[in-house]
Amino acid sequence: MTNPGISKHVPLSEVKRVRVGHLQEAKRNGERFVMLTAYEQYSAEIFDEAGIDVLLVGDSASNNVFGYQNMIPVTLDQLLPLCAAVTRSVTRAMVVADLPFGSFEVSPTQAVESSIRLMKEGMAHAVKIESTKDFAPHVAAITRAGIPVMAHIGFTAQREHLLGGYRVQGRGSDGKRIVDDALALEEAGAFCLLMEMIPAEVAAEIERTVSIPTIGIGAGSSTTGQVLVWQDMAGLRGGKPFKFVKQYADIRGTLSSAAEAFATEVREGKFPTIDHEF
């Protein structure tokens with residue numbers, strides 16, 4: 006006989022609306038979850054229908070949407086309409102929005118105010134903050150305000166100039182610093198840790214040590230979840246991909262071929278035809 010006081014476990018893939026508790030339960034049950042970036046309606050809709058569990062409206066929009074060279078220029082005001090578009094376009098996925106550079110560093114109060122805007126105007130379900138243990142008070146303040154926080158440790162692109170460029174963090178004895186960051190941010194109330202470009206063994210140690218789920222990008226295979234920028238994953242971005250990226254499609258090639266075919270038919274008078282007339 007089933008104990009009525011114990012709820013039946015539902016696999017994450019069968020959850021109808023992904024929430025913080027589902028990701029934490031996934032870790033406890035040894036399940037893995039999937040996160041992709043999304044910045045507008047159609048990619049969000051497609052990824053939601055494909056069963057992607059979490060969509061990140063990242064500050065990576067800076068160089069994947071707005072054409073900047075790095076993550077630093079994008080503003081909170083620029084991310085808000087992107088976030089709202091993504092949230093309106095999904096029915097299952099959890100939507101996490103980045104706090105961009107300049108929107109939280111000044112004080113915990115500034116971090117809370119920016120997070121509130123992402124929740125109210127962007128309709129996000131949670132926020133992500135690029136963090137070290139120094140920002141534990143910011144994470145704690147946002148959490149006290151009732152907003153779920155995903156903490157981002159390891160390589161943090163908003164600090165690329167301070168870190169000396171795109172470099173792996175936590176090699177050798179420096180690994181302890183990353184572990185200490187993880188523990189401090191968990192204690193501050195983060196519901197999840199995103200770990201970027203750190204050695205696989207350091208990520209594995211953090212995954213074993215913390216009770217909250219972890220997400221990796223260039224952090225090995227031991228994490229609870231994995232994330233990629235969708236333009237990298239689907240082959241839309243040109244040039245050589247990062248080492249941690251696997252391309253699952255050639256969207257850039259497909260779009261290029263379609264554009265070339267359209268241009269050719271227009272120039273040769275083959276489009277439009279009578280089938281496309283009113």
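The opening position of the sequence shown corresponds to residue 6 in our numbering, with each subsequent residue numbered one higher. Built from N, CA and C at the ideal position, the CB exists for glycine as well.
- Relative to the Cα of A162, the nearest Cα in the group K125, V154, Q231, I134 belongs to I134.
- The Cβ atoms of K138 and D185 sit closer than 7 angstroms to each other.
- L241 sits away from T219, with the two beta carbons spaced by 7 angstroms or more.
- DSSP places G230 inside the beta strand (DSSP E), whose first and last residues are 230-233.
- Shortest Cα-Cα distance from F249 to any of V95, A268, A224 involves A224.
- No residue range can be given for M76, since it is assigned to no beta strand (DSSP E) and is classified by DSSP as neither H nor E.
- Of the residues D82, F283, P86, the one whose Cα lies closest to the Cα of Q46 is P86.
- Where G159 is concerned, the enclosing beta strand (DSSP E) starts and stops at 154-159.
- Under the 10 Å beta carbon count, F283 is surrounded by fewer than 16 other beta carbons and is classified as exposed.
- Residue pairing for L167: DSSP places it in no beta bridge.
- Note that the region 68-78 does not touch the region 18-32; fewer than 3 beta-carbon pairs, one per stretch, sit closer than 8 angstroms.
- According to the DSSP assignment, E201 belongs to the beta strand (DSSP E) that extends over 197-201.
- Within the region 49-127, the complete beta strand (DSSP E) segments of 3 residues or longer fall at 59-62, 99-103, listed in chain order.
- Straight-line spacing of the CA atoms in D255 and A264 works out to 14 angstroms.
- H157 is not a Cβ neighbour of A116, given a cutoff of 7 angstroms.
- Secondary structure at I217: coil, using DSSP grouped into helix, strand and coil.
- Rounded to whole angstroms, F276 and F267 show a C-alpha spacing of 8 angstroms.
- Distance check between Q83 and each of E212, D64, M99 places D64 closest, using alpha-carbon atoms only.
- In this structure, G127 sits near A89, with a CB-CB distance shorter than 7 angstroms.
- Between V91 and L60, the gap from beta carbon to beta carbon is short of 7 angstroms.
- Selection A141, S48, G107, G175 evaluated against S94 yields S48 as nearest (Cα-Cα).
- Taking the Cα positions, I51 is about 16 angstroms away from R22.
- In its chain, beyond the 5 residues on either side, M99 have a beta carbon closer than 7 angstroms to the beta carbon of R24.
- The distance from the Cβ of G230 to that of M200 is about 10 angstroms, inconsistent with a contact at the 8 angstroms cut-off.
- In the structure shown, T42 adopts extended strand secondary structure according to DSSP, grouped into three states.
- Boundaries of the beta strand (DSSP E) harbouring K133: 131-135, taken from the DSSP string.
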